[in-house]
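Working notes for the structure below.
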Amino acid sequence: MRTAGAILLAIGIAAPFLAGNFLIFQLTMMLIYAIAILGLNILTGINGQFSLGHGAFYAVGAYTAAIMMDQFGVGYLWTLPAAGIVCFVVGFLFGLPALRLEGVYLALATFALAVVTPQLFKLSPFEHWTSGVMGIVISKPDAPFGLPLNPDQWLYFLTFAIGLLAYVCARNLVGSRTGRALMAIRDNPIAAGSMGVNTPLFKSLAFGVSALYTGVAGALGAIVVQYISPDSFTFTLSVALVVGLVVGGVGWLPGALFGGAFIMFVPNIAEELSKGLSGAVYGAIMILMMYAIPTGLGGLLKAALTALSKRSKTR
């Protein structure tokens with residue numbers, strides 16, 4: 000695993016110097032989706048709460064960054080922690096009433112959140128800030144300190160660094176007492192409560208932390224794409240994040256990278272195979288993947304490592 004991680008790190012550092020600007024843009028978006036999936040994995044894979052509404056947190060983070068840059072002239076780097084804080088508060092507050100919901104009822108509540116949130120940005124009371132259906136245009140930042148990087152390369156490395164930081168923080172969270180409490184709630188909430196775990200607090204915190212990750216991803220997405228509008232954050236985005244979570248492996252943090260790659264590149268591959276039936280091809284690819292690896296790439300990797308371990312012991 001360490002060797003594979005080192006190889007991926009080396010490839011990630013070298014990629015923007017070997018690829019064109021459009022491919023760099025795609026790789027940057029892949030990393031942004033991976034950060035959002037990482038946050039969803041904390042909520043679903045680690046804490047056991049299912050969400051179909053993380054596209055709403057992505058939208059809130061994107062609009063937070065865009066409004067701060069467009070209306071107040073705030074530097075783009077400062078908008079990232081601001082978007083994370085705003086989304087943490089929104090996620091924590093949403094998690095409080097969601098404590099009474101589980102399973103399909105929680106999924107329905109988060110579905111409603113994903114559908115309603117983009118429509119709120121179209122309302123006339125907020126139009127002064129959000130520009131309504133017209134959206135907000137953002138200028139692409141240049142590399143600071145005179146670094147010999149074009150804007151696409153700089154945004155890639157910025158996203159790459161934030162993604163690494165987000166992964167390290169998530170890994171430390173899972174390995175901490177808080178992470179063990181979240182997993183205990185996932186496995187058996189009644190037993191966790193009897194052991195002294197404050198179940199309502201930790202479930203709300205899981206929502207908040209998950210929303211924080213997704214909000215930072217949304218802010219990065221707004222800066223990279225340079226334009227946002229309410230129609231950019233349809234329910235399809237929430238579904239795509241869930242698809243990336245399942246493909247990468249629920250509960251396996253590194254799988255977020257593979258999930259981000261899937262939702263970024265597979266639709267393009269499906270469109271190349273058949274422009275008229277790209278949706279059907281994309282669905283067929285997902286069905287084949289779920290049939291071949293129902294536990295996701297994380298489960299496949301764990302099974303392969305277990306088989307190699309047993310084979311080495313028999314020798």
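Once you know that position 4 of the sequence shown is 3 in numbering that gives the first Met the number 0, the rest is easy, because the numbers rise by one and skip nothing. Yeah, the Cβ is synthetic: ideal placement off N, Cα and C, and Gly gets one too.
### Query
Which same chain residues, not among the five before or five after Gly102, have their C-beta less than 6 angstroms away from its C-beta?
Around Gly102: no qualifying Cβ.
### Message
Taking 8 angstroms as the threshold (C-beta atoms), are Gly207 and Gly54 in contact?
### Response
Contact: no.
### Query
Can you name, in chain order, every residue of its own chain whose Cβ lies under 6 angstroms from the Cβ of Arg185, other than the five neighbours on each side?
Around Arg185: Asn46 and Gly47.
### Task
Just grab the DSSP bridge partners of Ile227 for me.
Looking at the DSSP assignment, Ile227 forms a beta bridge with Ile135.
### Task
Could you name the residues of the same chain whose beta carbon sits closer than 6 angstroms to that of Phe120, not counting the 5 residues immediately before and after it, in chain order?
Shown here for Phe120: same chain residues with a beta carbon closer than 6 angstroms to its own, the five before and five after excluded, namely Thr129 and Pro229 in chain order.
#### Entry: Boundaries (first-last residue) of the alpha helix (DSSP H) holding Gly60
From DSSP, the alpha helix (DSSP H) with Gly60 extends over His53 to Phe71.
#### Entry: As assigned by DSSP and simplified to three states, the class of Asp141
Coil, per DSSP.
### Query
Is Leu252 closer than 8 angstroms to Val173 when the C-beta atoms are compared?
Against a cut-off of 8 angstroms, the Cβ pair of Leu252 and Val173 comes out as a contact.
### Query
Hey, is the stretch 188-204 in contact with the stretch 25-36, meaning 3+ C-beta pairs nearer than 8 angstroms?
No: the two stretches stay apart, fewer than three of their Cβ pairs being nearer than 8 angstroms.
### Message
Please list the terminal residues of the continuous alpha helix (DSSP H) segment that includes Gly44.
### Response
In the DSSP assignment, Gly44 falls outside any alpha helix (DSSP H) and carries neither an H nor an E.
### Local Cβ density within 10 Å of Gly145, reported as buried at 16 or more and exposed below that
Gly145 counts as exposed, since fewer than 16 other beta carbons sit within 10 angstroms of its beta carbon.
### Message
According to DSSP, is Val245 part of a helix, a strand, or is it coil?
### Response
Here Val245 sits in helix by DSSP.
### Query
What is the residue span of the alpha helix (DSSP H) that Met289 lies within?
Ser277 to Ala291 is the extent of the alpha helix (DSSP H) around Met289.
### Message
Here's the rule: buried if 16 or more other CB atoms are within 10 angstroms of the residue's CB, otherwise exposed. What is Ser237?
### Response
By the 10 Å Cβ count, Ser237 comes out buried.
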